[in-house]
Amino acid sequence: MRWSLTVRIIWPPTLALVVGVTLTGCQGVRSGPGAVPDSGTIVWLANTITETSNSPRQPLIDAFERAYPSIRVELSTLPDSTDSARAALTGDLSGGSVTTGDVYLGDTIWPYQFGHDGYALPLDRYLPASFWSRFGTAGQPGQYPLVTAAKYNGHIYAVPFFVDEGFLYYRKDLLARARLRPPVTWEQLEHDAAVLKARHMVYQFAWQGDDFEGLTAVWTEMLADAYGGLGTQPATAEQTAAELDSPQALKALLLMRRLIGSGVTPPQVTSFEEPNTNNYFDTGQAAFQRGWSVAYETATSPDAHIAADDVGVLPMPAFAGQAAPGWSAIGGWDLFINPHTRNLRAALTFVSWMTGPQAQRILATQYGIIPANARVRDDPAVIQVSPVLQAAAHTRLVSRPSASTDYSHISDLIHRYVHMALVHPGMDPCLALISAARAIDQRVAGSLPCATSRSR
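Read left to right, the sequence shown gives residues 5 to 460 (this note's numbering).
Below, the structure is given as structure tokens:
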């Protein structure tokens, strides 16, 4: 295989050595005349991926090295905490470290910041347009929400590796006894909870309502439901502020408050994070749960108090009158390439193989992880592996408002003010929404039709 290497030095402010390679050939990587080694050693920085000791990292490395025996991959472990991993990586990458690793796993909300700050290569310059079609969406030709979530300034800074998203978990046995169908709208869920309560059954709905990032994900889903979708691009700070200052945002927030006020949601939900909701559902205290894909693993474990066959999984509900299903926040992890890598060719080959059919089938069939590769994700044989993969084939994905160099600050403001409105039922929800919107963008005029919206 032949290919070319172009090296250009960019002086301050980045002082970065940018290596441009034009590549075609195996696994979708472009090649041209040249002599950069398609061999050697690369370092992959990755967290454990799963919440159990059964991690797919080493099996994936072993399979890759069998496919490419001239490339050796060394594994280096990142912290499992997203914030800790980001701090570790940005600390090294900001100093131009070449010892950080060649390829690293990163959260799906990082590409905008990492692209802006020069912590990742713009991979669309090295991988052909045809490569990105592998991340399409079932039933939506040309729609690539996983790819658009990885963009900054028109370039793609990460390759989708695996997906996580919100699901509605429910007790199949309880609904069957009450002769109820699984809910596909929020209004139906409220109705079903009331019916189960009247029959003295478990009825509550658990979700992540604490003042943390998980609440931003829940909020994004419900806001998208109220709008009937939020577009295909992650929102900018200005767009996020405008969305908060809207009747749709008020509709979403009123639903969340109503769920708590009516008792459908337990009052302690305002302190719930993922382990709390998992435990509440797994111990038989709730008929419904909003959870990520790992929630199925805990609900069907031997430690759970409910039978595995009684656990159902659906895409998230929609509002009545909106097309079903509802929207699921995009989670999961991407593959980034260190802009200071000394073996770009091997790093690109590794990234391409890891998102190809063999690696993605390993993730899905052996570990129950939702693959980013659409052809694998939509394969009937893969879908039948677990109810989560079956539900994932029908979900609609929405990005959190990560098109900002300071997404963490925007997210903090969203979950802070939404949480205040949930904890304090006497608080005017308009005040919470407009306060959040103006904290993000002071130019927000306040268009909500309530008294506090006119307060300046």
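Glycine included, every Cβ here is placed at the ideal spot set by N, Cα and C.
Just so we're clear, the structure is a prediction, and the values are computed from it rather than from any experiment.
Asked: Rounded C-alpha distance that separates SER332 from PHE171; Found: 7 Å
Asked: Inter-residue spacing [alpha-carbon to alpha-carbon] between PRO343 and GLY316; Found: 44 Å
Asked: Cβ pair ALA210, THR281 closer than 7 Å; Found: yes
Asked: Inside the stretch 354-385 only - alpha helix (DSSP H) runs reaching at least 4 residues; Found: 361-365 and 378-381
Asked: 4 or more residues per run - each alpha helix (DSSP H) lying fully within the stretch 127-179; Found: 149-152
Asked: Element boundaries [alpha helix (DSSP H), containing THR304]; Found: Segment: none, THR304 is in no alpha helix (DSSP H) and carries neither H nor E.
Asked: THR104 versus HIS398 - alpha carbon distance; Found: 38 Å
Asked: Of the residues SER412, ALA363, GLN326 and ARG181, the one placed nearest ALA202, counting alpha carbons only; Found: ARG181
Asked: Cβ-based burial, PRO251 [other Cβ within 10 Å; buried from 16]; Found: exposed
Asked: Uninterrupted alpha helix (DSSP H) stretches inside the stretch 75-106 (no shorter than 4 residues); Found: 86-97
Asked: Simplified DSSP state of TYR284, which is helix, strand or coil; Found: helix
Asked: Simplified DSSP assignment, three categories, for GLY44; Found: strand
Asked: Supposed contact pair MET320 and GLU194 - C-beta distance, whole angstroms, cut 8 Å; Found: Contact doesn't hold; Cβ gap of about 14 Å is too wide.
Asked: 6 Å CB neighbourhood of THR189 in its chain, flanking five on each side removed; Found: PRO321, ALA322 and ALA324
Asked: Bridge partner(s) assigned by DSSP for GLN293; Found: TYR173 and ALA210
Asked: VAL11 versus ALA246 - alpha carbon distance; Found: Bear in mind that the predicted position of VAL11 carries a pLDDT of just 30, short of 50, making it too unreliable to give a figure here.
Asked: Proximity winner among LEU131, SER297, ALA449 and ALA290, relative to HIS309 (alpha-carbon distances); Found: ALA290
Asked: Pair within 7 Å by beta-carbon distance, ALA253 and LEU437; Found: yes
Asked: THR244, DSSP secondary structure in three states; Found: helix
Asked: Nearest-angstrom Cα separation, counted from LEU339 out to VAL163; Found: 5 Å
Asked: Short Cβ contact (7 Å threshold) for ALA50 with ARG61; Found: yes
Asked: Cβ-Cβ distance between LEU178 and MET205 below 7 Å; Found: yes
Asked: Where VAL298 falls: helix, strand or coil (DSSP); Found: helix
Asked: Given GLN388 as reference, the closest of GLN370, SER403 and ARG90 once Cα atoms are compared; Found: GLN370
Asked: Enclosing alpha helix (DSSP H) for TRP331 [first to last residue]; Found: Not the alpha helix (DSSP H): TRP331 falls in the beta strand (DSSP E), residues 331-333.
Asked: CA-to-CA distance, ALA376 to SER305, given in whole angstroms; Found: 25 Å
Asked: Among LEU435, PRO73, HIS413 and ARG442, nearest to ILE113 - alpha-carbon criterion; Found: HIS413
Asked: Uninterrupted beta strand (DSSP E) stretches inside the stretch 382-423 (no shorter than 3 residues); Found: 400-402
Asked: Inter-residue CB distance, ALA351 and ILE374 (contact presumed, cutoff 8 Å); Found: Not quite, the Cβ-Cβ distance comes to about 24 Å (not below 8 Å), so this is no contact.
Asked: Span separating the alpha-carbon of GLU55 from that of GLN208; Found: 26 Å
Asked: Cα-Cα separation, TYR284 to TRP296; Found: 14 Å
Asked: Which of helix, strand or coil DSSP assigns to ASP111; Found: strand
Asked: Short Cβ contact (7 Å threshold) for GLY119 with TYR161; Found: yes
Asked: Top-ranked residue by Cα proximity to ASP229, from PRO73, THR152 and GLY330; Found: GLY330
Asked: Inter-residue CB distance, THR409 and TYR116 (contact presumed, cutoff 8 Å); Found: 7 Å
Asked: Proximity below 7 Å, CB of PHE166 to CB of GLY336; Found: yes
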